[in-house]
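Heads up: the sequence shown begins at 291 in the numbering used here, then just goes up one per residue.
Cβ coordinates follow ideal geometry from the N, Cα and C atoms, glycine included.
Every value quoted in this text rests on a predicted model; they were computed, and no experiment measured them.
Structure first, then comments.
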Amino acid sequence: LTEEENFFFGLVVQTQFGVEKVIPFFSPDRQNFVEYDISYLIDTAITRQKKKIGIMSSLPVMGDDVSPDMAELMRRRNQRPKPPWTFVQHLRRQYEVKTVATDVNDINDVDILLLIHPKDLPEKTLFAIDQFVLKGGRTIVCVDPHCFADKPDRTKMPTRPPSASSNLNLLLRTWGLEMPENMFAGDRSLALPLRRGQDETIGFLGLIPQLDLELRPEGWPGCFNTDNVITAELNQVRVLFAGVLREVAD
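Written out as structure tokens, the structure is:
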């Protein structure tokens, strides 16, 4: 090779079952993620049966969960089905993702349960979730004291505005935790000031680290773990109205 020529390495993983996975080339931009990319490639190659993730949510995270035939019918009518949220699309790359109804007697046939902004769950569903956990099921719970994505149904005329809070305290307390109502977490030293005018600050939004890149272009050292693939390339995160979880006595 001459000094003007460049070359790149790639990787091909083949299994005895005929599965082939490829990294066309190792991009210099992802140098810090080589170990992760190779591990991901090997895992997807040798995993013959995807783990099942069940999602129970009061938000439309699954999009218009319609059959292929119904989706085709909607397209013929110039209607476009709403796609799943981005995180669901990413989960489907590695897992089998299914919807779990908010009104169920038991939860079966899933390896992991995602509870995302669960609102007004009936007692039988809370019991089903508790039994799933007690039997060894893994659960990720996302509760929010005020969810911006929780938009009221405009076709209905409620007597009062519906709550944008998801409260699972009846169940959380049996696990030793609770999310106090009307309580938010914030960090004034790293928050984003909300200014009405040039010299008037009326409030704060956000939780660490909402960076002011004009005042501190170097960011806030220590806010992100640069050795972790998940956070290595982050430079700012905005979290509005974050809730508080606290331990409760037995």
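Residue i versus residue j - alpha carbon distance
i, j, result
"glutamate 325", "aspartate 434", "34 Å"
"threonine 337", "arginine 536", "38 Å"
"aspartate 410", "serine 453", "10 Å"
"phenylalanine 377", "threonine 521", "16 Å"
"valine 423", "methionine 469", "19 Å"
"leucine 404", "aspartate 333", "22 Å"
"glycine 300", "lysine 441", "46 Å"
"aspartate 399", "glycine 426", "13 Å"
"asparagine 515", "valine 431", "23 Å"
"lysine 342", "valine 394", "18 Å"
"leucine 497", "alanine 439", "Its pLDDT being 41, under 50, leucine 497 is placed unreliably in this model, and the coordinates cannot settle the point."
"phenylalanine 249", "alanine 475", "As displayed, the chain neither begins before 291 nor continues past 540, which places residue 249 out of reach and without an answer."
"isoleucine 419", "proline 350", "20 Å"
"asparagine 296", "isoleucine 328", "22 Å"
"arginine 370", "aspartate 355", "12 Å"
"asparagine 518", "arginine 367", "46 Å"
"glutamine 304", "isoleucine 313", "12 Å"
"arginine 463", "valine 527", "29 Å"
"glutamate 256", "asparagine 457", "It is not possible to answer for residue 256, since the shown part of the chain is limited to 291 through 540."
Rounded Cβ spacing between residue i and residue j (contact assumed at less than 8 Å)
i, j, result
"aspartate 401", "arginine 428", "7 Å"
"serine 348", "histidine 407", "5 Å"
"lysine 340", "glycine 353", "Their Cβ separation, rounded to whole angstroms, is 20 Å, which puts lysine 340 and glycine 353 out of contact at 8 Å."
"threonine 243", "threonine 392", "What the structure shows of the chain is the stretch from 291 to 540, and residue 243 is not part of that stretch, so it cannot be assessed."
"leucine 461", "valine 538", "Wrong, their Cβ atoms sit about 12 Å apart, outside the cutoff."
"methionine 473", "valine 534", "5 Å"
For residue i, three-class secondary structure by DSSP
i, result
"threonine 521", "coil"
"threonine 392", "coil"
"glycine 493", "Reliability fails at glycine 493, whose pLDDT of 47 lies under 50, so the model's placement of it is uncertain and the value that follows must be treated cautiously. In the structure shown, glycine 493 sits in a strand (DSSP, three-state: E or B)."
"valine 312", "strand"
"arginine 536", "strand"
"glutamine 500", "Since pLDDT at glutamine 500 reaches only 44, below the 50 mark, its modelled position is unreliable, and the value read off the structure follows with that caveat. The answer is coil: DSSP assigns glutamine 500 none of H, G, I, E or B."
Range of the contiguous beta strand (DSSP E) that encloses residue i
i, result
"threonine 429", "428–432"
"valine 302", "301–304"
"serine 347", "342–347"
Residue interval of the alpha helix (DSSP H) (run including residue i)
i, result
"methionine 364", "358–366"
"valine 423", "413–424"
"leucine 405", "Unbroken run through leucine 405 is the beta strand (DSSP E), 402–406; no alpha helix (DSSP H)."
"glycine 328", "Looking at the sequence itself, residue 328 is isoleucine, so the reference to glycine does not match. Residues 324–336."
"histidine 554", "Within the shown structure, residues of the chain are numbered from 291 to 540, placing residue 554 beyond reach of any answer."
"leucine 462", "459–462"
Closer than 7 Å to chain B by CB, residue i
i, result
"aspartate 359", "Included in the structure is just one protein chain, with no chain B present."
Residue i: CB within 6 Å of a non-hydrogen atom of the ligand NAP
i, result
"phenylalanine 514", "Because no ligand of any kind appears in the structure shown, any question about the ligand NAP cannot be addressed here."
Note to self: Measuring CB atoms only, is the region 384–397 touching the region 360–372, in the sense that at least three cross pairs come out at less than 8 Å?
What the structure shows: Under the 8 Å Cβ criterion, the region 384–397 does not count as touching the region 360–372, having fewer than three qualifying pairs.
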